[in-house]
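Chains as they are written, first to last, in numbering that gives the first Met the number 0: chain A, 0 to 305; chain B, 0 to 265; chain C, 0 to 363. For each residue, glycine too, the CB sits at the ideal point set by N, CA and C. To keep things clear, I will list the structure first and then write my remarks on it.
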Amino acid sequence: MASAAETARKAERDDIRKRWLLSAPALLIIFFAAAGPLGIVIVYSFLEPGSYGDVRWSFSTDAWVSVVLQRDIFDETLSIADAHVAIFWRSVTLSLATTVFAFIFGFPTAYFIATRPERTRALWLFLITIPFWTNLLIRTFAIQEVIRNEGLFNIVLLKLGLISTPIQIIYTDTAIMIGMIYVYLPLMVLPLYASMEKLDFRLVEAGYDLYATRFQVLRRIILPMVKPGIVAGSILVFIPSLGAYVTPRILGGGRNLMLGNLIELQFGQGRNWPLGASLSITLLIIVLAALLIYIRYAGTGARNHG
Amino acid sequence: MASRFDIRRQTGFPTVALFCFFLLYLPLSVVVIFAFNSGTSIAVWEGFSFRWFVQAWSNQQVVDASIRSVQIASVAAVIATVAATMAALATTRTRPYRGLTFKYAFINQPLMVPEIVTAVALLIFFSRIKIATGYSGLGYLMIAHAAFCIPFAYLPIRARLESMDTALETAAADLYATPWQAFRRVTLPLLWPGIIAGLMLAFVISLDDVVITEFVKSAGQDTLPTYMLGQLRRVVTPEINAISTAFLGISVAIVTVFFLISRKKT
Amino acid sequence: MPEKPDQIAIDVRHVTKVFGFGPDKVHALKDVSVAIRENEFFTLLGPSGCGKTTLLRLIAGFDFPTDGEILLHGQDIAPLPPYKRPVNTVFQSYALFPHLTVAQNIAFGLEMLGRPRAEIDARVSQMLTLVRMEELRNRSTAQISGGQQQRVALARALAPQPKVLLLDEPLSALDFKLRKEMQIELKRLQHETGITFIFVTHDQEEALTMSDRIAVMSAGNILQVGSPKDIYDRPAVRFVADFIGETNFLEAAMVSSTKDRASVRLGSGAVIDASVPKGFSPSGKVTVVIRPEHARLADDGGELSGRLANIVYFGTDTHFHVDLDGGGSFIVRQQNTRDESRRAQEGDKVSIVVGTGAAQVLRD
Numbered sequence: 000m001a002s003a004a005e006t007a008r009k010a011e012r013d014d015i016r017k018r019w020l021l022s023a024p025a026l027l028i029i030f031f032a033a034a035g036p037l038g039i040v041i042v043y044s045f046l047e048p049g050s051y052g053d054v055r056w057s058f059s060t061d062a063w064v065s066v067v068l069q070r071d072i073f074d075e076t077l078s079i080a081d082a083h084v085a086i087f088w089r090s091v092t093l094s095l096a097t098t099v100f101a102f103i104f105g106f107p108t109a110y111f112i113a114t115r116p117e118r119t120r121a122l123w124l125f126l127i128t129i130p131f132w133t134n135l136l137i138r139t140f141a142i143q144e145v146i147r148n149e150g151l152f153n154i155v156l157l158k159l160g161l162i163s164t165p166i167q168i169i170y171t172d173t174a175i176m177i178g179m180i181y182v183y184l185p186l187m188v189l190p191l192y193a194s195m196e197k198l199d200f201r202l203v204e205a206g207y208d209l210y211a212t213r214f215q216v217l218r219r220i221i222l223p224m225v226k227p228g229i230v231a232g233s234i235l236v237f238i239p240s241l242g243a244y245v246t247p248r249i250l251g252g253g254r255n256l257m258l259g260n261l262i263e264l265q266f267g268q269g270r271n272w273p274l275g276a277s278l279s280i281t282l283l284i285i286v287l288a289a290l291l292i293y294i295r296y297a298g299t300g301a302r303n304h305g
Numbered sequence: 000m001a002s003r004f005d006i007r008r009q010t011g012f013p014t015v016a017l018f019c020f021f022l023l024y025l026p027l028s029v030v031v032i033f034a035f036n037s038g039t040s041i042a043v044w045e046g047f048s049f050r051w052f053v054q055a056w057s058n059q060q061v062v063d064a065s066i067r068s069v070q071i072a073s074v075a076a077v078i079a080t081v082a083a084t085m086a087a088l089a090t091t092r093t094r095p096y097r098g099l100t101f102k103y104a105f106i107n108q109p110l111m112v113p114e115i116v117t118a119v120a121l122l123i124f125f126s127r128i129k130i131a132t133g134y135s136g137l138g139y140l141m142i143a144h145a146a147f148c149i150p151f152a153y154l155p156i157r158a159r160l161e162s163m164d165t166a167l168e169t170a171a172a173d174l175y176a177t178p179w180q181a182f183r184r185v186t187l188p189l190l191w192p193g194i195i196a197g198l199m200l201a202f203v204i205s206l207d208d209v210v211i212t213e214f215v216k217s218a219g220q221d222t223l224p225t226y227m228l229g230q231l232r233r234v235v236t237p238e239i240n241a242i243s244t245a246f247l248g249i250s251v252a253i254v255t256v257f258f259l260i261s262r263k264k265t
Numbered sequence: 000m001p002e003k004p005d006q007i008a009i010d011v012r013h014v015t016k017v018f019g020f021g022p023d024k025v026h027a028l029k030d031v032s033v034a035i036r037e038n039e040f041f042t043l044l045g046p047s048g049c050g051k052t053t054l055l056r057l058i059a060g061f062d063f064p065t066d067g068e069i070l071l072h073g074q075d076i077a078p079l080p081p082y083k084r085p086v087n088t089v090f091q092s093y094a095l096f097p098h099l100t101v102a103q104n105i106a107f108g109l110e111m112l113g114r115p116r117a118e119i120d121a122r123v124s125q126m127l128t129l130v131r132m133e134e135l136r137n138r139s140t141a142q143i144s145g146g147q148q149q150r151v152a153l154a155r156a157l158a159p160q161p162k163v164l165l166l167d168e169p170l171s172a173l174d175f176k177l178r179k180e181m182q183i184e185l186k187r188l189q190h191e192t193g194i195t196f197i198f199v200t201h202d203q204e205e206a207l208t209m210s211d212r213i214a215v216m217s218a219g220n221i222l223q224v225g226s227p228k229d230i231y232d233r234p235a236v237r238f239v240a241d242f243i244g245e246t247n248f249l250e251a252a253m254v255s256s257t258k259d260r261a262s263v264r265l266g267s268g269a270v271i272d273a274s275v276p277k278g279f280s281p282s283g284k285v286t287v288v289i290r291p292e293h294a295r296l297a298d299d300g301g302e303l304s305g306r307l308a309n310i311v312y313f314g315t316d317t318h319f320h321v322d323l324d325g326g327g328s329f330i331v332r333q334q335n336t337r338d339e340s341r342r343a344q345e346g347d348k349v350s351i352v353v354g355t356g357a358a359q360v361l362r363d
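And the structure:
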């Protein structure tokens, strides 16, 4: 007869095996149609481009060199690829600016929702969720309708007589940034709200009791307490901004490229698949670095607050 | 009258917040309003009309793309929800075991990798398979959508499971229910709201996808979003507004139901 | 007291339970053995983390022992899953199925056992009557009060007529008055059903008032098993004496001893009679315990003497804190009467008379 100890061990083993079997479908689907193919991208980044797209199966580091450098076609010397560097620079700066503006607008909004009475809070939250679940394309199209030369913004200003010719916003970096702030704002508000909802306002009371002004309370008490939310919101806005494809494509008008568009070009007209692959991996590395920083910050944040 | 000191108030915050809500809804309102414009302009109001809705509905490309979108979203959402439910059962309410962290990371992997990178990876991978097998149907889009829908479906299901008292299943076992009976009679009935919420989230996410679909689709496999993306490059007519408005209506309806379900306690 | 059949319902033999691995190892139970008789109201008493709930879960089958056996009427049930054991549990959180009605909850176990519908219906009605919940049979479990949920949980666990009913701190969520009511209710149910009850609690008063026998647990060990009176009057070890009620600890030296009695010399020089735990032969220095109500104050002639340091009034009785002459302190509890002719004052010199048979030698 099996001893109790054997039964306990067997139960534990069975449980873990059952758990692996149960998670197998999800893991397999993600491996097959998301995670696994990333490995192929890495392989492709070390191959030579084929003449009409795809690759030739011979090892080459050219694609990686081409990420930031270009080879002179006459004397084979390497120099900085200005076009690529400009795109990297634009991607990073626009993403950072988007994050900052999303925070400036999102923080008061999240605070506003979190301080509504219980009954109406859900409604405000719902109002912020609706745009979030609306198709990204529709939202980008909507913002385009407002900022284009014959759009609402310029028409109103012209009618008011404030300007005599439309302001050119569309097809500029500003347009991309406005678009990204618009589409990613809910991603800032939601985590901020989540951390503010748990805010203990007795601490704010204590702050006022100890002679703090409203601004001091905000800066010295509220901001430190919702730091995890700020970090989470910033990362949630920064990462998709960096990899944005649809918004710059529509609002940038094909001239003001971001990383996502540069990558697409390598699989379209440029037909340099290995370069596209190496650019993709570069983007992935930047994003993972941002995530690692987030995890470290979120970790210390959790330690400080609990 | 002396006003009470409100400790929660921060000067200017409500103004900024209300301005934000205004800005969030203004562009969407413009899109919706001009969908009902009787003229061809998407800037000048010429009277109320349903003509663009009628025109969009009689555009075979729009109808085909819509049907395709719903087909893909339905299949992908069901696959993703079933897989996510099983995965949630496998990863919640357990003492940590080897591989648990790996599972979390892997299930959430599609959320961490930029969509464009996954799109490129799938373009390369699926183009090889297409050549090798000769199959180029909607299956690729369905499986790709299922993969990035899994983390979204997983979220509410897992939340539901974790808020469920583990003593309930223990009690079922104590009352002579075999593990399968306990699952059928106790866990599953209590998990339903989470599963429905996950299914709807997955459906909306799949319906909305542009980037991965744009890269993975074969010729003639436009979904509604990729069709619209193509149209936006040309001269835009209010037909796009009409399509967007209809799309928006469906999303809002689904999200509203989702919101109501996830607020229900039991 | 009627004689109980001395058959063993649950026999726990050398059970050890270890949670975790390596440095995180926790020994929840350390070689625990205890025999629980049929038709007995048996209580596992101890502070949180003492292993009482672990032992209950092992009997129920929610966990498996790392080592040892658990016999139910002579058959080893330790390897059986919970759904194959004729043992039911009342959970601390009640764990009522929120998607089922009161009646459906009670029917659940019988349905799983595949009993015929007619039998289930009859049994459910019978159970509802037993716990006086007939009117609420079709209510959702969310719509009934905590006390009612408690009754449903009891009815649900009793419905399949288990050999043993396990109760995991079932009264802890109830307020004081309801708890008192349910204590009586539980005794009634146990009496009417004739089922062995194993009751887990950290509340010593609950344990003393309800149990036929009590096992006091600490840090994964059972320290003493006995009737409430045994446990209270004859604590064998310091933990039991300290955990249950209030008590005075005195250092003493052995003078002489027989099988279960001993003479000990207190610090004051007085020699008193004390009882000795079974199977223990003390020698040299020992600790003696005396309950505060088993001693009384006197002007002189007592075994101990000191100065009255503090008087604390409790309504029904008064505690006198005495600083003993040889060092240490002693509490005397006296029932209050309306006779206020003579009252000691703080600072008075007092003498303490230890009642006959009041002292008990501890094993540790």
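Are the C-beta of residue i and some C-beta of chain A separated by less than 9 Å?
| i | result |
| --- | --- |
| Gln108 of chain B | yes |
| Ser324 of chain B | This structure cannot settle anything about residue 324 of chain B, because the visible part of chain B is limited to 0 through 265. |
| Phe214 of chain B | yes |
| Phe63 of chain C | yes |
| Ala77 of chain C | yes |
| Phe258 of chain B | yes |
| Lys102 of chain B | yes |
Just to check my reading of the structure: residue i and residue j have Cβ atoms closer than 8 Å, yes? What is that Cβ distance to the nearest angstrom?
| i | j | result |
| --- | --- | --- |
| Ile123 of chain B | Tyr43 of chain A | 6 Å |
| Phe318 of chain A | Val119 of chain B | The requested residue 318 of chain A is not part of the displayed model; chain A covers only 0 to 305. |
| Pro46 of chain C | Lys16 of chain C | Wrong, their Cβ atoms sit about 17 Å apart, outside the cutoff. |
| Leu189 of chain A | Ile127 of chain A | 7 Å |
| Leu250 of chain A | Gly178 of chain A | 4 Å |
Give a yes or no on whether the minimum CB-CB distance between residue i and chain C is below 9 Å.
| i | result |
| --- | --- |
| Pro188 of chain B | yes |
| Thr265 of chain B | With a pLDDT of only 44 at Thr265 of chain B, under 50, the local geometry of the prediction cannot be trusted, and the value read off the model is given with reservation. Chain C, which has a Cβ nearer than 9 Å to the Cβ of Thr265 of chain B, makes this yes. |
| Arg89 of chain A | no |
| Thr60 of chain A | no |
| Arg16 of chain A | no |
| Ala85 of chain A | no |
Between which two residues does the beta strand (DSSP E) carrying residue i extend?
| i | result |
| --- | --- |
| Ala8 of chain C | Ile7 to Phe18 |
| Pro48 of chain A | Leu46 to Pro48 |
| Thr42 of chain C | Phe40 to Leu44 |
Where do the N-terminal and C-terminal ends of the alpha helix (DSSP H) with residue i fall, by residue?
| i | result |
| --- | --- |
| Asp298 of chain C | It is not in any alpha helix (DSSP H) - Asp298 of chain C carries neither H nor E in the DSSP assignment. |
| Ser144 of chain B | A quick correction: the sequence has His, not Ser, at residue 144 of chain B. Here the alpha helix (DSSP H) through His144 of chain B covers Gly138 to Ser162. |
Using a Cβ-Cβ cut-off of 9 Å, state whether residue i counts as contacting chain B.
| i | result |
| --- | --- |
| Asn87 of chain C | yes |
| Gly305 of chain A | Because Gly305 of chain A sits at a pLDDT of 32, beneath the cut-off of 50, its placement in the model cannot be relied upon, and the following sentence gives the value as read from the coordinates. It does not: the Cβ of Gly305 of chain A has no partner Cβ on chain B nearer than 9 Å. |
| Glu5 of chain A | no |
| Pro1 of chain C | For Pro1 of chain C, the predicted model reports a pLDDT of 41, less than 50, meaning its position is unreliable and no value from the coordinates is stated. |
| Gly262 of chain A | According to the sequence shown, residue 262 of chain A is Ile rather than Gly. True, the Cβ-Cβ gap to chain B drops below 9 Å. |
| Ser171 of chain C | no |
Residues of the stretch 271-298 of chain A with Cβ closer than 9 Å to any Cβ of chain C, in chain order:
none
Length-filtered (4 minimum) alpha helix (DSSP H) runs lying within the stretch 73-121 of chain C
101-111
Where the stretch 102-124 of chain C meets chain B: residues whose CB sits under 7 Å from a CB there:
Phe107, Gly108, Met111 and Leu112
What residues from the stretch 165-195 of chain B come within 7 Å of chain C, judged by C-beta to C-beta, listed N to C?
Ala166, Leu167, Thr169, Ala170, Ala172, Asp173, Leu174, Tyr175, Ala176, Thr177, Gln180, Val185, Pro188 and Leu189
Below 9 Å between beta carbons is the criterion; list the residues of the stretch 346-359 of chain C that meet it against any residue of chain A, in chain order.
none
Members of the stretch 120-143 of chain A near chain B, C-beta cut-off 9 Å:
Ala121, Trp123, Leu124, Phe125, Leu126, Ile127, Thr128, Ile129, Pro130, Phe131, Trp132, Thr133, Asn134, Leu135, Leu136, Ile137, Arg138, Thr139, Phe140, Ala141, Ile142 and Gln143
Runs of 3 residues minimum, wholly inside the stretch 82-121 of chain B: which ones carry the beta strand (DSSP E) assignment?
none
Quick one: complete beta strand (DSSP E) runs, 3+ long, within the stretch 131-204 of chain A?
none
Please give me, in chain order, every unbroken run of the alpha helix (DSSP H) with length at least 4 that falls completely inside the stretch 221-295 of chain C.
227-232 and 237-242
Contiguous alpha helix (DSSP H) assignments of at least 4 residues, all confined to the stretch 15-85 of chain A:
35-43 and 61-64
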